């Protein structure tokens, strides 16, 4: 605690957390918490902008130093500059911006999702080779049932037993697991919030 | 004489004792040695006849070298005059005169009761009374000696003492006389009890009338001369002519007459040869009175002496034989100074009545003799005016030196004569000077013949270093005849003798060097019987094995018994050489400690070294095959999916039946119902939070809902937490509006609020004040239409409550959860339904919010099938229904591939496992 900046950071973080938290319980403090939340949005947008510049500087350094992968960095920089110029010249939803989105951005990401399908299928096939036990078998069986129950079978139509089984799996075991995850996330968020409020955890720097 | 009193301690001893019972001081002389001169003794030493009786050390002494002055004294002392010398020296430090008459020093030279008469006669003579005629003189020669002394006194006193006939010329025994007188003025009497005359003199001889006269003249001169002052001369004669002579050994008895030519007449038992006497007499005669002018009448130059004396002794006297006799000069008195006159003059120097002795030889301006300068203060004080012994002793040495290397011309002898003696006495008539000159034998000594030590005496005080030690008295008395270095130490000899005489004679050095050192007996190491039983220590085997080999540097034993081969220490063992230490100074060698490592430990050490070496080696990478099976398999999987999709599109006709409304899941039903309940031209907030890669799925699922919204003329405000949300929204809306049935309908009010930054905080802020945070349309270029909240269906102050419906299209469960958790409460509070169109993978995470009370999510449509359900519920054919065959067939392919692949891999895995187990079992 000898560093004054640590004290200042802790005071600001804890104070902001407490004010926003009290805004949930005290209606009169909404304006204060709302102001802080607005500041957070502005700061987050500015942080995004800083991130963009950081990305550009990093790749620019790689291009200047001609390190490994400098060509990709150069492509990134060129793409960034081109998109920035195109969007700045029109509008975020202008023709140029949408052309770039429709012809560059969207196919790339769609292709990645298609590769994911192949990868998941291949991994499922090798699962039983890596692990031969009950859980892998259950995993594979569950996958079979969900896949078969998600959509009507080609040429056969809807199989009510599979649809019901798939509904049961989705609403009971899957939802149970999802709730557990959500509850765990909620508890983790509370604990993290408390640690930040009491200063035990300082993600803003030591 | 029944008792003898010890001269040292003063205690009475029986008469027959030779040594004092109390202090072991010799009471009687060891023998009579009537040696008047050391040269006489030396002459006897050279005599072949006497050589047998002479001790060996003494016989070896004579022929080799000349007798040094101090060695001469040692000879005398060895012969029994040691006490004499001591007393003589003691007298130097004592007051010269006894205050009370009748006190006689109890020394061997003191006058006994028999001599009292002699003293009395002397006293009477001094007092002017006629001398008493004594009966029974010891010898005629002795009487003549005393007469000679008396004559000296008369001449010196200028006939003040009447009745004492002056001695016109020296008689026989003059040499002894001067020697006696040399001892005569010894004031030692003061240290002894003169009032006890019971101590008889060793010599029983009576005092002669001449002696008494002589003394009477002295007493007449000084008036208060005590008996001690006058006694020593006679005492000395008694010492060597008395009955004690009988006690001396024969050899010494035979030595006496020859050694002291002047005293041979005093001992009637051993008369000296007449020729020697004459020669000796001639020695003391003036040169002009000597028979031959060319031959110096040395007492040692006689033929008889030459026959009987060795060569070395001849060299002592012969130098004068071939030389011209000293010429008498006008100042011949100063040149021909007799050492005896010097002694006497010094004796009476401080007294005015000594004019009779003053012969005018000494120059007036001559300072004190060098000898007196060398004397200590106490001795000098004693000698000045009262004690002549200092000068007399020097004169004695001078005589010896003269006899050893006699005379030079008279002119050179002037330097030898002390200046104080050369100084003429004032008021002395010239005629008297001549008389005095003729009354003494004179010497003319060559300067070269004078030894160094004598030259030192003759030097002026300025020439003598102030730091020179006390002169020869100490050395003469204390040095033994031989090997003085051994007894006194070489340092004493070097400092005492060399300081006085320049350097010791060579023969003495040879004697000292030839003396064999007594071997030092070292005590043998005593070994006790217990130690003999002890066995030598032995290290045990295990300890010997641990002992480092060659760990100790070689040590050179310091106890080296080598014998010095050169230098002054030659012949001496055990000398620590300088180079020895230099050898040891070198840097010690470094020896490594080598432990004995067993073979087993060595093998383990090698193994460890091998392991460490292998770790550093890089294992070669196995080159993968050009076409791995996985790659082929992946291509096959991709081909299967592509083939299935293509087959669905190639088949044309819908092979998959559309699900019935009853088969639509409830969340999709509730979502469709919520849209259906939406009033026309109401404000709807659509959130586009999915990625472009999910566009096929998400647009297929959401396109039906958006189409319904557009159908109802809803005011659509789009927002996104994704940077690409604006483009996604535009793309979806444009795609919806591009549908053929929408071409005839008016353009909906659509505004893109943009990107909400900050994640949950941004969403929370947006839920609190959406108009304040996202006020403007991002795609509007008209400034008047930029405010997205200017629509009639929207109320900026109402916030989210202005919207009739919030539709979230997302393929991200986190984003869906954030919207539900951060914005959901505000929507619930405003009773605004939250609908969610999500991907099939997010459905499990959203459904829990659907199955809550109250429902946080009013309706959910998930994936392609959610679009199919919505299209099925709206009874229209949309893109979802069109894709359902391909989608269904692809799912079937995927299931088949996973099933087949799982089975193949399962079997292959089991086979490989079995094979490995078999191989391991065989191994």
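Residue numbers (our numbering), protein chains in the order written: chain V, 1 to 206; chain U, 1001 to 1923. Note that the Cβ used here is the ideal one computed from N, Cα and C, for glycine as well. Since the structure is predicted, the reported quantities are computational estimates derived from the model, not experimental observations.
- Non-local beta-carbon contacts of residue 1596 (chain U) in its own chain, meaning distances under 6 Å to residues more than five positions away in sequence, involve 1545 in chain order.
- Taking C-beta atoms as the reference points, residue 143 (chain V) and residue 124 (chain V) count as a pair closer than 8 Å.
- Residue 111 (chain V) and residue 1692 (chain U) have their alpha carbons spaced roughly 10 Å apart.
- Nearest CB-CB separation between residue 1710 (chain U) and chain V: not below the 8 Å threshold.
- A Cβ-Cβ separation of about 6 Å places residue 1848 (chain U) in contact with residue 182 (chain V) under the 8 Å criterion.
- DSSP links residue 1755 (chain U) through a beta bridge to U:1720.
- One Cα belongs to residue 1573 (chain U), the other to residue 1566 (chain U), and the distance between them is close to 12 Å.
- Here residue 1769 (chain U) carries a coil assignment [DSSP, helix/strand/coil].
- Neighbourhood of residue 163 (chain V) in chain U, by CB distance below 9 Å: 1659, 1663, in chain order.
- As the crow flies, the alpha-carbon of residue 42 (chain V) is around 11 Å from that of residue 35 (chain V).
- The DSSP assignment places 1725 to 1737 as complete runs of the alpha helix (DSSP H) inside the stretch 1701 to 1751 of chain U, in order along the chain (cut-off: 4 residues).
- Across the structure, residue 86 (chain V) and residue 1815 (chain U) are spaced so that their CA atoms are roughly 29 Å apart.
- Nearest to residue 171 (chain V) by alpha-carbon distance, out of U:1919, U:1571, U:1842, is U:1842.
- Along the stretch 79 to 93 of chain V, going in chain order, the ones with a CB nearer than 8 Å to a CB of chain U are 91, 92, 93.
- For residue 1013 (chain U), the uninterrupted beta strand (DSSP E) run begins and ends at 1012 to 1014, by DSSP.
- Only 112, 113, 117, 118, 121, 122, 124, 125, 126, 127, 128 from the stretch 111 to 128 of chain V bring a Cβ to less than 7 Å from some Cβ of chain U.
- For residue 1656 (chain U), the residues of chain V that pass the 8 Å Cβ criterion are 151, 152, 153, 154, 155, 157, in the order they occur in the chain.
- Three or more beta-carbon pairs separated by less than 8 Å link the stretch 1817 to 1834 of chain U to the stretch 1765 to 1782 of chain U, which places the two stretches in contact.
- Annotation for residue 1689 (chain U): no alpha helix (DSSP H) segment contains it, though the beta strand (DSSP E) segment containing it runs 1683 to 1689.
- Against chain U, the beta carbon of residue 148 (chain V) has neighbours under 9 Å at 1891, 1892, 1895, listed in chain order.
- Note that the stretch 1674 to 1683 of chain U touches the stretch 1711 to 1727 of chain U; at least 3 beta-carbon pairs, one per stretch, sit closer than 8 Å.
- The beta carbon of residue 1781 (chain U) sits closer than 8 Å to some beta carbon of chain V.
- In the DSSP secondary-structure assignment, residue 1809 (chain U) is bridged to U:1688, U:1837.
- The beta-bridge partner set that DSSP reports for residue 1787 (chain U) consists of U:1776.
- By the C-beta density criterion, residue 1705 (chain U) is buried, having at least 16 other C-beta atoms within 10 angstroms.
- Cβ contact annotation for residue 1751 (chain U) (same chain, cutoff 6 Å, sequence separation greater than five): 1717, 1777, 1788, in chain order.
- Proximity of residue 1805 (chain U) to chain V, defined by a Cβ-Cβ separation below 8 Å, is not satisfied.
- At a cut-off of 8 Å between beta carbons, residue 1909 (chain U) contacts chain V.
- Rounded to the nearest whole angstrom, the CA to CA distance from residue 1775 (chain U) to residue 1719 (chain U) is 11 Å.
- Residue 1543 (chain U) and residue 1598 (chain U) have their C-alpha atoms spaced approximately 15 Å apart.
- Look at residue 1773 (chain U): its C-beta is under 8 Å from a C-beta on chain V.
- Residues of the stretch 134 to 145 of chain V whose Cβ lies closer than 8 Å to any Cβ of chain U, in chain order: 140, 143, 144.
- Listed along chain V is no residue with a C-beta nearer than 7 Å to that of residue 1874 (chain U); the closest approach is about 19 Å.
- For residue 1917 (chain U), same chain residues with a beta-carbon under 8 Å away, outside a window of 5 residues either side, do not exist.
- Taking one beta carbon from each stretch, the stretch 1685 to 1703 of chain U and the stretch 1643 to 1661 of chain U have fewer than 3 pairs nearer than 8 Å; the two do not touch.
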